[in-house]
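S.K.: Following this message is one structure expressed as structure tokens.
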């Protein structure tokens, strides 16, 4: 579906921001008469990197691309949809601890700067899609200044499409055949909504039996501890340079745990972060 909405990507020069720009243009989600704003950090490296990014995007997608603008200040925003993809992320070194508190302190400043700009304007705020971590913190910050129905946390959608794929892999079907959602915190406290799982071509009785087998008497209350334990074990294997064994071990875990811990394997082995699925999730939301 092609839309005439104007979109601004905060953090456009980062791995996820670049990937989102590419997916929006490659999938022709934005119409040629729309506008895409690439938002950089004033005085930072991204202020220069977005120039090259825009040139590269135009070379690739000039036939159908919208107008592409470069901005580096919150007050320059002029968009119907604002996507937050800027800020720090967790370390790619598997031996370092994941400190979400430190991450929150850093990214809170970015959330606040753009939220304050929307508050200053008052009327006609954009739809805000938060995909920077901690997603829940970003949603809270923006919900204080604009209608909460205009603020979308994309983390649960990312978790849901991962969950659907893991279920599909376990059952030998396509992800398009699986309906499933993951709720809760985008992180260690996610909640698989097992009662909502449905799979085309598999009866409810057979599916219920399979789900019971996967859960194996484990409670949702145990899940955060399980996620932490399995993540630590897998990252220890990666730290020993045995990536093949890490992914093979992850493949033996229950689907909801795979959905939670495999992103950390990707993050520590793919060179950057989980930018492809991160951007894909946002592009899907914009395209709905």
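Numbering (our numbering), first residue to last: 1260 to 1547.
Beta carbons: idealized from backbone N, C-alpha and C, even for Gly.
Enumerate in chain order the residues of its own chain whose CB-to-CB distance from residue 1370 is below 6 Å, with the five nearest sequence positions on each side excluded.
M.R.: 1397 and 1400
S.K.: Extract the residue ranges of the beta strand (DSSP E) inside the segment 1431-1455, only unbroken runs of 3 or more that lie entirely within it.
M.R.: You should have 1441-1443 and 1449-1451.
S.K.: Flag this pair as touching only if the segment 1376-1391 and the segment 1470-1487 have three or more C-beta atom pairs under 8 Å; answer yes or no.
M.R.: no
S.K.: Any idea what DSSP makes of residue 1328, helix, strand or coil?
M.R.: strand
S.K.: Let me make sure I understand the geometry here. Which of 1367, 1325, 1281 and 1298 has the alpha-carbon closest to that of residue 1315?
M.R.: 1281
S.K.: Quickly, what does DSSP pair residue 1415 with across the bridge? List them, please.
M.R.: DSSP lists no partner for residue 1415.
S.K.: Pick helix, strand or coil for residue 1388, following the three-state DSSP scheme.
M.R.: strand
S.K.: Round the Cβ separation of residue 1526 and residue 1532 to the nearest angstrom and send it over; I've been treating them as touching at under 8 Å.
M.R.: 5 Å
S.K.: Short of 8 Å in beta carbon distance, which residues of its chain neighbour residue 1445, apart from the five on each side in sequence? Order them along the chain.
M.R.: Answer for residue 1445: 1392, 1393, 1394, 1395, 1412, 1414, 1415, 1417 and 1418, listed in chain order.
S.K.: Assuming residue 1512 and residue 1489 make a contact with CB atoms under 8 Å, what is their CB distance in whole Å?
M.R.: 6 Å
S.K.: Residue 1543: which of 1521, 1289, 1497 and 1271 sits nearest, CA to CA?
M.R.: 1289
S.K.: Mind checking which residues open and close the alpha helix (DSSP H) that includes residue 1367?
M.R.: 1359-1380
S.K.: Classify residue 1383: buried if its beta carbon has 16 or more other beta carbons within 10 angstroms, exposed otherwise.
M.R.: exposed
S.K.: Below 8 Å on the Cβ atoms is my contact criterion, and I expect residue 1320 with residue 1284 to pass it. Report the Cβ-Cβ distance as a whole number of Å.
M.R.: 4 Å
S.K.: Could you name the residues that DSSP lists as bridge partners for residue 1267?
M.R.: 1296 and 1341
S.K.: Rounding to the nearest angstrom, what Cα-Cα distance links residue 1459 and residue 1436 in this structure?
M.R.: Using only the alpha carbons, I get a separation of about 5 Å.
S.K.: Which residue wins for smallest C-alpha separation from residue 1333, given the options 1541, 1298 and 1450?
M.R.: 1298
S.K.: In chain order, what are the residue ranges of uninterrupted alpha helix (DSSP H) at least 4 long that sit wholly in the segment 1494-1538?
M.R.: 1502-1509 and 1514-1528
S.K.: Excluding the five sequence neighbours on either side, which residues of its own chain have a C-beta within less than 7 Å of the C-beta of residue 1534, listed in chain order?
M.R.: 1274, 1275 and 1278
S.K.: Per the contact definition of three or more C-beta pairs closer than 8 Å, is the segment 1323-1338 in contact with the segment 1263-1274?
M.R.: Yes, the segment 1263-1274 is in contact with the segment 1323-1338.
S.K.: Report yes if the CB atom of residue 1536 is closer than 9 Å to the CB atom of residue 1420, and no otherwise.
M.R.: yes
S.K.: Quick check on this structure: which residue in 1451, 1508, 1499 and 1547 has the alpha carbon closest to the alpha carbon of residue 1354?
M.R.: 1499
S.K.: With which residues is residue 1410 paired in a DSSP beta bridge?
M.R.: 1387
S.K.: In this structure, does DSSP put residue 1272 in helix, strand or coil?
M.R.: coil
S.K.: Which residues bound the alpha helix (DSSP H) around residue 1473?
M.R.: Looking at the DSSP string, the run of the alpha helix (DSSP H) that includes residue 1473 is 1463-1474.
S.K.: Provide the residue(s) that pair with residue 1262 in DSSP beta bridges, ordered along the chain.
M.R.: Paired residue(s): 1289.
S.K.: Throw me the rounded Cβ distance for the residue 1387 and residue 1357 pair, which I believe falls under 8 Å.
M.R.: With a Cβ gap of about 25 Å, residue 1387 and residue 1357 do not count as contacting.
S.K.: Leaving out the 5 sequence neighbours to the left and right, which residues in its chain are closer than 6 Å to residue 1380 when beta-carbon positions are compared?
M.R.: none
S.K.: Between residue 1341 and residue 1303, what straight-line distance do the alpha-carbon atoms span, to the nearest angstrom?
M.R.: 20 Å
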